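Worksheet for the structure shown next.
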Amino acid sequence: MLQAQDWDRATCGPEGQDADVEVVLGVLYNVSHDYDSAAAAFRQALVSRPRQGEGNREGARKGRREGGRGDAGGGCGVLAYLHLSALLLVFHSLPPFLPPSLPASDYSLWNKLGATLANSQRSDEALPAYHRALDLKPKYARGWLNLGISHANLGRYEEAARCYLRALRLNPEAGHMWGYLRVTFTSMERFDLVQLAGQQDPSLFEAEFGR
Numbered sequence: 001m002l003q004a005q006d007w008d009r010a011t012c013g014p015e016g017q018d019a020d021v022e023v024v025l026g027v028l029y030n031v032s033h034d035y036d037s038a039a040a041a042f043r044q045a046l047v048s049r050p051r052q053g054e055g056n057r058e059g060a061r062k063g064r065r066e067g068g069r070g071d072a073g074g075g076c077g078v079l080a081y082l083h084l085s086a087l088l089l090v091f092h093s094l095p096p097f098l099p100p101s102l103p104a105s106d107y108s109l110w111n112k113l114g115a116t117l118a119n120s121q122r123s124d125e126a127l128p129a130y131h132r133a134l135d136l137k138p139k140y141a142r143g144w145l146n147l148g149i150s151h152a153n154l155g156r157y158e159e160a161a162r163c164y165l166r167a168l169r170l171n172p173e174a175g176h177m178w179g180y181l182r183v184t185f186t187s188m189e190r191f192d193l194v195q196l197a198g199q200q201d202p203s204l205f206e207a208e209f210g211r
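First residue of the sequence shown? That's 1 in UniProt numbering, and the numbers climb one at a time after it.
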């Protein structure tokens with residue numbers, strides 16, 4: 001892992017690592033349960049991505065002025081991505097990642113940061129990251145689910161239930177989320193709601209939790 005990070009820094013130079021490479025590093029650190037390093041990598045990606053976007057636009061403008069394709073600064077990212085993607089093949093449980101030409105949107109990256117913080121028992125720090133993801137994409141069902149899990153970890157069961165119900169309204173096919181809701185109702189000692197959850201109808205809870 002450290003060799004991959006050193007290779008990235010040597011390839012990208014002193015300007016800082018490519019944002020997409022930082023995302024891949026963050027995933028690899030997550031797999032190795034080094035959550036602090038994973039969170040640092042995702043934060044660096046969030047910082048780097050706007051700066052690189054501006055650099056790419058300037059490179060494109062320069063290329064047009066010179067009558068050529070221009071150097072958008074993407075060579076480092078592509079090479080580093082391909083190098084680190086080879087490492088991902090070792091971990092069969094990882095989801096596929098988009099190449100630098102099709103980077104993950106920022107809401108997804110904020111969600112990854114939140115999940116990493118939650119995995120390292122820092123659910124209170126995860127909440128702002130999830131809120132940022134949901135500010136960017138309010139109908140992000142996975143974000144609402146993860147936010148609910150962090151609230152539940154902090155003992156905020158009513159907030160957790162609201163988040164789970166919001167996620168279920170956005171993605172009714174995700175039946176596994178009812179399990180999270182039943183556990184939350186059990187923690188609240190609301191066994192009447194546990195029984196009601198068996199009908200798997202989010203509208204039945206509007207009087208209790210709103211929409």
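The C-beta atom is built at its ideal place from N, Cα and C for all residues, glycine as well. Owing to the predicted nature of the structure, the values given are computational and were not obtained by experimental measurement.
Coarse secondary structure for K112, derived from DSSP in three states:
helix
Quick one, are the C-beta atoms of Y157 and T184 less than 8 Å apart?
yes
I'd like to confirm something about P202: is its beta-carbon nearer than 7 Å to some heavy atom of the ligand MN, or not?
Ligands are entirely absent from the displayed structure, and the ligand MN is therefore not among its contents.
Validate contact between the segment 16 to 29 and the segment 117 to 128 using beta carbons, cut 8 Å, 3 pairs
no
Backbone secondary structure at residue 212 - three-state DSSP:
No information on residue 212 is available, as it lies outside the stretch 1 to 211 that the chain covers here.
Between which two residues does the alpha helix (DSSP H) harbouring F209 extend?
206 to 209
Along the chain, where does the alpha helix (DSSP H) that runs through L134 open and close?
123 to 136
Measure from the alpha carbon of G175 to the alpha carbon of each residue in R132, G198, D20, then state which is nearest.
G198
As an exercise, report each continuous alpha helix (DSSP H) stretch of at least 4 residues that is fully enclosed by the UniProt repeat "TPR" (141 to 174), in chain order.
141 to 153, 157 to 170
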